[in-house]
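There are 2 protein chains.
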Amino acid sequence: MDGRLESENAESESGTARRRLPPKERREQIVNEAVRFFAEVGLEGNTRQLAKRLGVTQSLLFNYFATKDELLEAVYEKVYLDRLSPDWPDRLTDRTVPLRARLLAFYTEYSGLIFERDWMRIFMSSGLAGAVLNRRYLMHLGDVILRPVLAETEALARGETRPTMEDIWNLHGGIVYIGIRTHIYGMPGPDDPETVIAQSIDKYLLYFGIGPED
Amino acid sequence: MDGRLESENAESESGTARRRLPPKERREQIVNEAVRFFAEVGLEGNTRQLAKRLGVTQSLLFNYFATKDELLEAVYEKVYLDRLSPDWPDRLTDRTVPLRARLLAFYTEYSGLIFERDWMRIFMSSGLAGAVLNRRYLMHLGDVILRPVLAETEALARGETRPTMEDIWNLHGGIVYIGIRTHIYGMPGPDDPETVIAQSIDKYLLYFGIGPED
DNA sequence: CTTTTTATAGATCATGCGATCAACAATAGT
DNA sequence: ACTATTGTTGATCGCATGATCTATAAAAAG
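Top to bottom, those sequences are chains Z and G. Heads up: the first sequence begins at 29 in this note's numbering, then just goes up one per residue. Heads up: the second sequence begins at 29 in this note's numbering, then just goes up one per residue.
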């Protein structure tokens, strides 16, 4: 009656006949797939679909995570963690290198990490849902990245107006918005993000009278 | 058994003892409340809660909208419509006024309209959900606002680099990001958005060698 | 006042989802 | 080869939600 072939995801497909994995491995596998899954369908995506993708039973998920929220927490952590490399604060404040070069290095690398469907959509979804991790991430970003950038700018600014945190947020927002446009709104993005990023930085620096070699 | 007092939202509260409204009025009332409701709780908010807020039965909603999706469509329209005043293209291209003044006028007015919890959250939610209206809105924005701004900038630009649409998106994104930061991520925003907006515009214009009186 | 119309309420259906639990089977230890 | 352990399944529960349908009562028509 039921026309479905249960066998395929169990045996025939690729010889992965429902193997029994060590908990650590299985948990990791689940989280990895969950990241992709929830990024696609949103945080309301159901556990049955996710389980199907993994080729396991839905009930198995609850063996590793007591509730769906707990699974989502794991997804957040996986997505957020190590997205902010710990050596950036140092690199951003290394005054042997021109500020422009430092900013460029940071934002090309950072955008390479976050201009990615999974990250962008999960970050936005969790932000809308009011996740605490979200605010924590942004506070952290403000502390270890934006505030140092402000300090570096202040040290070099020659114009009459002094830079504030809002200027840094503006620079940051203008760049991040590229990712929002493309991955949240599904609009076409720039052919070459690096050029756009470089120009954003140049506008920022020019406004405070900072040259490319300063 | 059921300890609830059904009477209060029907009679005692404010004498609004379940009045019988003309369809047009009721529909409008529903949509208005739905906008606020879905902005707060997200698009997955359930119809029973919404009905409770309105002080009507859940089933009544389905007398005005065949499905929940249909209601959401009405919410989108309500939120999107007339958010882009039709006279802006003209005002943005009025060369008797300095470009800086034009941009400032537009973005202070526009930000006043969109830096609002309801709009921001529904726009983002519907964007994540892949709503067609979303992309339509952005395409429209690109056509009637951003493209004219590009043309005006090109006409005045004195620098070596020519402006592109990406420059306009960058200006736009930097400003809109203020709203995203505050209303989606729930972070504290600038005390005075107007100042931040003015500086964004100044950075943009300075980069293309356009003075405040040009 | 009586009749007709229809906006609204209340009860209920169907289903999808998170979560639970007992039974099963793959692996490791002996 | 036998046993103990535990990762995994399959069936099922309880509940919330979108949607439907009929009875009611408020307003309009006569």
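A virtual CB, placed ideally from N, CA and C, is assigned to each residue, including glycine.
Is there at least one Cβ from chain Z nearer than 8 Å to residue i's Cβ?
| i | result |
| --- | --- |
| TYR232(G) | yes |
| SER228(G) | yes |
| TYR205(G) | yes |
| TYR235(G) | yes |
| VAL250(G) | For chain G, the structure presents residues 29 to 242; residue 250(G) sits outside this window and is missing. |
| ASP171(G) | no |
| MET198(G) | According to the sequence as given, residue 198(G) is Asn; it is not Met. Yes - at least one Cβ of chain Z is within 8 Å of the one on ASN198(G). |
| GLU194(G) | yes |
For a contact defined as C-beta to C-beta under 8 Å, what are the partners of residue i on chain G?
| i | result |
| --- | --- |
| GLU72(Z) | GLU72 |
| GLY83(Z) | Correct list: empty, because the minimum Cβ distance to chain G is about 27 Å. |
Whose Cβ in chain Z lies nearer than 8 Å to the Cβ of residue i?
| i | result |
| --- | --- |
| LEU156(G) | GLY70, ARG149, MET152, SER153, LEU156 and ILE212 |
Quick check on residue i: does DSSP put it in helix, strand or coil?
| i | result |
| --- | --- |
| VAL63(Z) | helix |
| HIS94(Z) | Here the sequence assigns Ala to residue 94(Z), which means His is not the residue at that position. Coil. |
| THR181(Z) | helix |
| SER113(Z) | coil |
| ASP195(G) | helix |
| MET215(G) | coil |
| PHE134(G) | helix |
| PRO176(G) | helix |
| ASP118(Z) | helix |
| GLU188(Z) | coil |
| ILE151(Z) | It is Phe, not Ile, that sits at residue 151(Z) in the sequence shown. If DSSP states are grouped into helix, strand and coil, PHE151(Z) belongs with the helices. |
| ASP146(Z) | helix |
| GLU56(Z) | helix |
| PRO51(G) | helix |
| ASN74(G) | coil |
For residue i, which residues in chain G fall below 9 Å Cβ to Cβ?
| i | result |
| --- | --- |
| THR163(Z) | Residue identity differs from the one stated: residue 163(Z) is Arg in this sequence, not Thr. Within chain G, the residues near ARG163(Z) are TYR213, GLY214 and MET215. |
Report the neighbours of residue i on chain Z: residues whose CB is nearer than 9 Å to its CB, in chain order.
| i | result |
| --- | --- |
| GLY239(G) | The contacting residues do not exist; GLY239(G) stays about 14 Å from chain Z at best. |
Within the continuous alpha helix (DSSP H) that includes residue i, where are the two ends?
| i | result |
| --- | --- |
| VAL125(Z) | It is not in any alpha helix (DSSP H) - VAL125(Z) carries neither H nor E in the DSSP assignment. |
| GLY158(G) | Where GLY158(G) is concerned, there is no enclosing alpha helix (DSSP H), given that its DSSP letter is neither H nor E. |
| VAL85(G) | A small fix is needed here, since residue 85(G) is Thr in this sequence, not Val. Taken as a continuous stretch (DSSP letters only), THR85(G) belongs to no alpha helix (DSSP H), as it is neither H nor E. |
| GLU241(Z) | No alpha helix (DSSP H) holds GLU241(Z); DSSP gives it neither H nor E. |
| ILE25(Z) | Since the first residue shown for chain Z is 29 and the last is 242, residue 25(Z) is missing from the structure and cannot be characterised. |
For residue i, is the classification buried or exposed, using 16 other Cβ atoms within 10 angstroms of its Cβ as the cut-off for buried?
| i | result |
| --- | --- |
| SER5(Z) | Nothing can be reported for residue 5(Z): it is not among the residues displayed for chain Z, which extend from 29 to 242. |
| LEU141(Z) | exposed |
| HIS211(Z) | buried |
| MET167(Z) | exposed |
| LEU131(Z) | buried |
| LYS52(Z) | exposed |
| SER87(Z) | exposed |
| ASP125(Z) | Sequence inspection shows Val at residue 125(Z); the Asp mentioned does not correspond to that position. VAL125(Z) is exposed by the Cβ-count criterion. |
| VAL204(Z) | buried |
| ARG190(Z) | exposed |
| ARG149(G) | buried |
| GLU188(G) | exposed |
| LEU194(G) | For clarity, residue 194(G) is Glu in the given sequence; the question names Leu instead. GLU194(G) is buried by the Cβ-count criterion. |
| GLY70(Z) | buried |
| PRO10(G) | The structure shown has nothing for residue 10(G), since chain G only spans 29 to 242. |
| PRO50(Z) | exposed |
| SER113(Z) | exposed |
Quick check: is any heavy atom of the ligand FAD less than 7 Å from the C-beta of residue i?
| i | result |
| --- | --- |
| THR210(Z) | No copy of the ligand FAD appears in this structure; indeed no ligand is present at all. |
For residue i and chain G, any beta-carbon pair shorter than 8 Å?
| i | result |
| --- | --- |
| GLY140(Z) | no |
| LEU166(Z) | yes |
| SER218(Z) | Contrary to the premise, residue 218(Z) reads as Pro rather than Ser in this sequence. Chain G contact via Cβ: present. |
| ARG209(Z) | yes |
Which residues in chain G sit within 7 Å of residue i, going by Cβ to Cβ distance?
| i | result |
| --- | --- |
| ARG175(Z) | Residues of chain G passing the Cβ test: none, with the nearest at roughly 14 Å. |
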